[in-house]
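S.K.: All residue numbers for the sequence shown refer to our numbering, where the first residue is 3 and numbers rise by one. Glycine included, every Cβ here is placed at the ideal spot set by N, Cα and C. Predicted, not measured: the structure shown is a model, and the values here were computed from it.
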Amino acid sequence: MKRIAIFSSGSGSNFQALIDATQKGSLQATVELLVCDQPDAFVIQRAQAAGIPTFVFRAKDYNSKMEFETEIIAQLEKRGIEFIVLAGYMRLIGPTLLQPFSKRIVNIHPSLLPAFPGKDAIGQALEYGVRITGVTVHYVDEGMDTGPIIAQAPVEVYPNETKQSLQEKIHVVEHQLYAETLNHLFITEF
Ligand code: GAR
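1) Quick check on Ile172: does DSSP put it in helix, strand or coil?
2) Which of the three DSSP states is assigned to Gly145 in this structure?
3) Does the beta-carbon of Val137, which I'm using as the reference point, lie nearer than 8 Å to any heavy atom of the ligand GAR?
4) Where does the unbroken alpha helix (DSSP H) through Asn16 begin, and where does it stop?
5) Output needed for Ala123: all residues of its chain with C-beta closer than 7 Å, excluding positions within five of it in sequence on either side, in chain order.
6) Mark Leu94 as exposed unless 16 or more other C-beta atoms lie within 10 angstroms of its C-beta, in which case mark it buried.
7) What I want to know is whether the C-beta of Lys165 ends up closer than 8 Å to one or more non-hydrogen atoms of the ligand GAR.
8) Using three-state DSSP, classify Ile35 as helix, strand or coil.
9) Could you check how far apart the C-beta atoms of Cys38 and Ser10 are, in whole angstroms? I think they sit under 8 Å.
10) Our contact map puts Gly98 next to Glu71 with C-beta atoms below 8 Å; I'd like the distance itself, whole angstroms only.
11) By how many angstroms is the C-alpha of Val174 removed from the C-alpha of Ala127?
12) For Asn65, does the count of other Cβ atoms within 10 angstroms reach 16, so buried, or fall short, so exposed?
13) Just checking Lys105 against the ligand GAR - is the residue's beta carbon closer than 8 Å to any of the ligand's heavy atoms?
14) So, is Asn162 buried or exposed, given that buried needs 16 or more other C-beta atoms within 10 angstroms?
15) Going by CA-CA distance only, name the one from Thr32, Lys26, Gly27 that's closest to Val87.
16) Skipping 5 residues on each side, what residues in its chain have a beta carbon closer than 7 Å to that of Thr183?
17) Quick check: is any heavy atom of the ligand GAR less than 8 Å from the C-beta of Gln169?
18) Confirm the yes/no value for this check: CB of Met92, any heavy atom of the ligand GAR, distance under 8 Å.
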């Protein structure tokens, strides 16, 4: 069983889907920690309901990214974390965390990268008028939604699509693709 930490900044629907997959046995991992940079985020309530320890911080309480990432590393080491899963963590990972966890941090993004990186990928896709968008799971490097692609899945954009309807479809795909991709990684690469 891979010991993982999930990083999230928001509602945490992907966090929930991964917890559910570990409980069903379709993801060979144990979620040992939630790392969250937004003290009001709903994902914290999800972690508490699931009995998962949390490390919640505010970036502005630190002098630098190096400082809060050093504290995150101490939390990861304390719990023997082997792998980091970003699920809506809206912050770039710095060298302090990247170095010790090289090739052991993955992210999910709501577009077919390299199209529409960064914030509001779903709004960007609608604005551009693409007919197909999707979801990407990739290794994390120092860039914004860059890093080698591990898996992708398409999502069709209907002519009358709203941001909310597209987001709902993307979430359904994300929840399935992330658990499947991680499970595949854990049983083949480790
Ligand atoms: C997800 O759609 C995820 O792909 C996206 O944030 C959302 C979080 O939703 N991540 C990014 O845009 C990363 N650049 P959730 O909190 O319900 O899991």
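M.R.: Quick answer:
1) helix
2) coil
3) yes
4) 15-26
5) His111, Pro112, Ser113
6) exposed
7) no
8) At residue 35 the sequence reads Leu, which differs from the Ile that was named. Here Leu35 sits in strand by DSSP.
9) 6 Å
10) Strictly speaking, residue 98 in this sequence is Thr, with Gly absent from that position. Thr98 to Glu71, Cβ: 4 Å. Contact.
11) 17 Å
12) exposed
13) no
14) exposed
15) Thr32
16) Val139, Ile152, Ala153
17) yes
18) yes
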